[in-house]
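Written out below as structure tokens is the structure these notes cover.
2 protein chains.
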Amino acid sequence: MPKSPIADPNEDYPRWYQDVIARAGLAENGPVRGTMVIRPYGFAIWERIQADLDRRIKAAGAQNVYFPLLIPESYLQREAEHVEGFSPELAVVTHAGGKELTEPVVIRPTSETVFGEQMAKWVNSYRDLPLLLNQWANVIRWELRPRLFLRTSEFLWQEGHTVHASEADAAAYALRIHLDVYRDFLVEMLALPVLLGRKTAEERFAGATNTMTCEGITRDRKALQLATSHELGQNFARAFDITYTAESGEVEAAWTTSWGASTRLVGGLIMGHGDERGLRLPPRIAPIQVAIVVVRDEDGAVDKARELGDAIAAGGARVEVDADTHTGFGRRAVDWELKGVPVRIDLGPRDLASGEATLIRRDTGEKRQVPLGDLPGLVGELLETIQSDMLADATAFRDAATTDVDSLESALEVGKDGVGRIEWAKLGPEGERRLLDDGISVRCITRPDGTVPESEDEPDLLAIVARAY
Amino acid sequence: MPKSPIADPNEDYPRWYQDVIARAGLAENGPVRGTMVIRPYGFAIWERIQADLDRRIKAAGAQNVYFPLLIPESYLQREAEHVEGFSPELAVVTHAGGKELTEPVVIRPTSETVFGEQMAKWVNSYRDLPLLLNQWANVIRWELRPRLFLRTSEFLWQEGHTVHASEADAAAYALRIHLDVYRDFLVEMLALPVLLGRKTAEERFAGATNTMTCEGITRDRKALQLATSHELGQNFARAFDITYTAESGEVEAAWTTSWGASTRLVGGLIMGHGDERGLRLPPRIAPIQVAIVVVRDEDGAVDKARELGDAIAAGGARVEVDADTHTGFGRRAVDWELKGVPVRIDLGPRDLASGEATLIRRDTGEKRQVPLGDLPGLVGELLETIQSDMLADATAFRDAATTDVDSLESALEVGKDGVGRIEWAKLGPEGERRLLDDGISVRCITRPDGTVPESEDEPDLLAIVARAY
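Below you can see the structure in the form of structure tokens.
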């Protein structure tokens, strides 16, 4: 067994995470501290995430737009909590075009303010509502402790911004996005089971009246916030004067929402499924689903591999043929494992002689000999099996990492290295503060059946507590 | 005839351009001077441009990546011409995370430098070459005289960056991108005939040894640069130490290229096809290809329109049913013209009574009555006819706007309000400077057959001269 090119995740999880990103060719640090260069394989994963989320966002009726990167500093100051939340993280442009600017401008940390300014012009009557917009963009939030994909000074994301005539309509739309876009995407595409719930007042988005979250659980038993949807009440509508004439003729302040998911999802994918051999990608998101590896360039093996590759690709799978026989087979096999490609098909001399190939599942490590002619018919179904098995595996892991507790003391103990579930009434904001002293936070407040509560005051709510990235 | 909502392009072309952008809902100014808010209809056009260019770029073998927005100021200074070219346009971040930065960072005006730094790490051996990368990103170049889409302080684009083992390989790849990606896209998708050629030394990209351009002709007879591809020689390879070990074992400096096209393409589309009624969109790029307009909500007209819409959409066309009968028909008809939707189908009470609809081509204004049952079968072919007719029309316009001249004096005269074509040997760099005094530039140097010359020294080259946006 050759030495593993990556650290053991059970010994040093942060180092394992860095190693996987570097060795699988996902990303590396940019020259300015906290920034990230996303390499082709990492970006191919992001492109697939983007395409699927974009389809779901459009199906929910939102239209794509593009708003400016640069925002007048004064805009952020119009909403008191918002400016307080974001000020420490701002990057400020003071000079441009060879001159000092009369008013400094900030690079967007998020775009509620600049959307608010413009949406106020576009909304006049109740007939203009709801106004449902989304953009794919880069944002800057200066990070003191950056970590690739999870926390970078610049990241890529989509941010939705909507305007509604009533609080109920805004709440319903934010929930729709949260469930039909984020939850369904995470479960169906990334095979990540998610904990759904509301954030506490402590953890809410700066300027929101309600923040809903999808929380994932990493393989080192921490929580990772994967997507959030915010009801902003009338806070931004009042700050930016987004009003409309109701059917009654009265002029009313509107209600707004915002919601986002970012390149952090790639980090969630790594930490949600990765193992001691590297990445494990769910087939639906994998840029390469099947790697056909030519062991040695003998007996027409390369042609056979190409032929097989074409036959499998014709069934709709994303296939790559690895005929790089100048590199040793062992090293290439380890690389395909590192990259998390769901299915590997090895074509060795003995396989070819017997008209067979070796089929290896990345998720379970299971190996078997399969007649070449059976492979094209078999792969499509196998990919779907792997997809659902990976979701089941991640769900089992999450459930095993979760413990019901009934006191602050037990929550403190469990939260050190796992996920605790405790009645919110038993914990409360005071217990929450105590946990925070130990670096444990309330990830969300949820109903016993795992659905999102409409308020913190519902009976029987549970708090999910854990350390978090 | 109601008063036109837009200025007459023959009287005030710049005003007409602004009016079309505003009234068709394409974009508006952002709060920071020179920035742009791209609205849903404008962004839908850009998304279609992006998707098609992206497909062509991938077919040419390049892989997508994402590099940081922020670049250390010192990087730009490593290539002398590059820093001189871009310094006046830079936006500089001096403060971030609540502190003054020890080294100011600039917002990328283009990314040769930061790609150069990273590519030097990725390239070691001739086996790593060619390295073919592309990114979709926003860039900032501070504009003193901004104009929506054509010249904005922030714009969206793709920028390709490639590394090659030899000058010949770099030149061949830059040319391949220029023809197979840019030219073919412009001609096939945007129906814009393009003038192909090399830029003169005066007009070259800062740091390039050769810049190739695709120049479009606007309807006010000016030139508009639509896409450029640069051979960078070894300038950036030497500045960023991109070297490789050749098969011979020698360490050699590599050769690089870069190439880009931006949201300016939307401006090119407006100015290349628009007329006194607004936009005219070629069907292949139009977000909506067919608008079915219900004249009055009578006799089940809305249901008929939806049924017809479904039948036409089933054939693959992008259809929108306009059943907004609260707004007068005349105003809606004018709006669909403004938005440049290639085909309009009016369903009026008389049409319905006779089982017909009125079919209107946006490009020619041609109207005819068509039996409802014939429409689904007819639309697909009609859209292709419109696509090729629009290219023919734009080509005829360009040819009529172009005059062969044989002296500097005639070039000065023709270039005032049209395109001049003159032997480059007769003009030369001195003539070029004289033209520049009058605001006329050499848009490109081209061969008599319209192909791209390999050098300025080939015999019989022609210079294309015009005013330009």
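These protein sequences, in sequence, are chains V and L.
In terms of the numbering used here, the first sequence opens at residue 1 and continues consecutively.
In terms of the numbering used here, the second sequence opens at residue 1 and continues consecutively.
Just so it is clear, CB atoms sit at the ideal spot from N, CA and C, and this is done for glycine as well.
On a predicted model such as this, the values are computed, not experimentally measured, just so you know.
Just curious, the alpha helix (DSSP H) that residue i is in, first and last residue?
i	result
Asn-235 (chain L)	235-240
Val-83 (chain V)	80-86
Leu-436 (chain L)	424-437
Ala-311 (chain L)	301-314
Arg-15 (chain L)	13-23
Gly-330 (chain L)	329-338
Val-187 (chain L)	184-188
Arg-350 (chain V)	349-353
Leu-175 (chain V)	167-176
Going by CA-CA distance only, name the one from the options that's closest to residue i.
i	options	result
Thr-35 (chain V)	V:Leu-352, V:Val-341, V:Leu-150	V:Leu-150
Leu-226 (chain V)	V:Asp-241, V:Ala-253, V:Gly-267	V:Gly-267
Arg-362 (chain V)	V:Lys-339, V:Pro-193, V:Phe-155, V:Gly-380	V:Lys-339
Leu-131 (chain L)	L:Glu-423, L:Ala-62, L:Ser-87, L:Phe-185	L:Ala-62
Ser-111 (chain L)	L:Thr-102, L:Val-93, L:Arg-176, L:Asn-138	L:Asn-138
Leu-281 (chain V)	V:Gly-30, V:Pro-14, V:Lys-3, V:Ile-45	V:Ile-45
Glu-215 (chain V)	V:Leu-224, V:Trp-136, V:Leu-101	V:Leu-224
Val-114 (chain V)	V:Pro-68, V:Arg-183, V:Glu-159, V:Leu-359	V:Pro-68
Phe-43 (chain V)	V:Ala-24, V:Arg-56, V:Thr-94	V:Ala-24
Ser-388 (chain V)	V:Pro-342, V:Ala-311, V:Pro-459	V:Pro-342
Pro-283 (chain V)	V:Leu-26, V:Ala-317, V:Arg-447	V:Ala-317
Gln-135 (chain V)	V:Asn-64, V:Ala-392, V:Leu-462, V:Val-465	V:Asn-64
Ala-394 (chain L)	L:Ile-217, L:Glu-202, L:Leu-90	L:Ile-217
Val-37 (chain V)	L:Tyr-66, L:Arg-15, L:Ile-38	L:Tyr-66
Arg-127 (chain V)	V:Ser-166, V:Val-419, V:Ile-312	V:Ser-166
Using a Cβ cut-off of 9 Å (strictly closer), state whether residue i contacts chain L.
i	result
Ala-91 (chain V)	yes
Tyr-66 (chain V)	yes
His-230 (chain V)	no
Met-36 (chain V)	yes
Ser-455 (chain V)	no
Trp-259 (chain V)	no
His-95 (chain V)	yes
Phe-43 (chain V)	yes
Ser-87 (chain V)	yes
Glu-247 (chain V)	no
Quick check on residue i: buried or exposed, where buried means 16 or more other Cβ atoms within 10 Å of its Cβ?
i	result
Ala-168 (chain L)	exposed
Val-251 (chain V)	exposed
Lys-367 (chain L)	exposed
Lys-304 (chain L)	buried
Arg-331 (chain L)	exposed
Asp-19 (chain V)	buried
Arg-430 (chain L)	Correcting the residue type first, residue 430 (chain L) is Glu in the shown sequence and not Arg. Exposed, because fewer than 16 other Cβ atoms sit within 10 Å of the Cβ of Glu-430 (chain L).
Arg-198 (chain V)	buried
Thr-451 (chain V)	exposed
Ser-248 (chain V)	exposed
Beta-carbon of residue i versus every beta-carbon of chain V: anything under 9 Å?
i	result
Val-319 (chain L)	no
Pro-72 (chain L)	yes
Ala-137 (chain L)	yes
Val-534 (chain L)	The shown model of chain L, from 1 to 469, leaves out residue 534 (chain L), and the question about it has no answer.
Arg-147 (chain L)	no
Val-123 (chain L)	no
Val-114 (chain L)	yes
Leu-69 (chain L)	yes
Tyr-75 (chain L)	yes
Leu-179 (chain L)	no
Name the DSSP beta bridge partners of residue i, please?
i	result
Val-343 (chain V)	V:Val-290, V:Arg-361
Pro-421 (chain V)	The amino acid occupying residue 421 (chain V) in the given sequence is Arg; Pro does not appear at that position. In DSSP, Arg-421 (chain V) forms a bridge with V:Asp-404, V:Ile-464.
Asp-275 (chain L)	L:Gly-278
Lys-58 (chain V)	Answer by DSSP bridge pairing: none, since Lys-58 (chain V) is not bridged.
Assuming residue i is part of the beta strand (DSSP E), what are its boundary residues?
i	result
Gln-118 (chain L)	Taken as a continuous stretch (DSSP letters only), Gln-118 (chain L) belongs to no beta strand (DSSP E), being part of the alpha helix (DSSP H) at 112-122.
Ser-74 (chain V)	That residue, Ser-74 (chain V), is in no beta strand (DSSP E); its alpha helix (DSSP H) goes 73-76.
Gly-207 (chain V)	Looking at the DSSP string, Gly-207 (chain V) is not in any beta strand (DSSP E), and its letter there is neither H nor E.
Tyr-244 (chain V)	243-245
Glu-28 (chain L)	27-29
Glu-159 (chain V)	154-164
Below 8 Å, is the gap between the Cβ of residue i and the nearest heavy atom of the ligand NAP?
i	result
Met-212 (chain V)	Here there are no bound small molecules, and the ligand NAP is not part of this structure.
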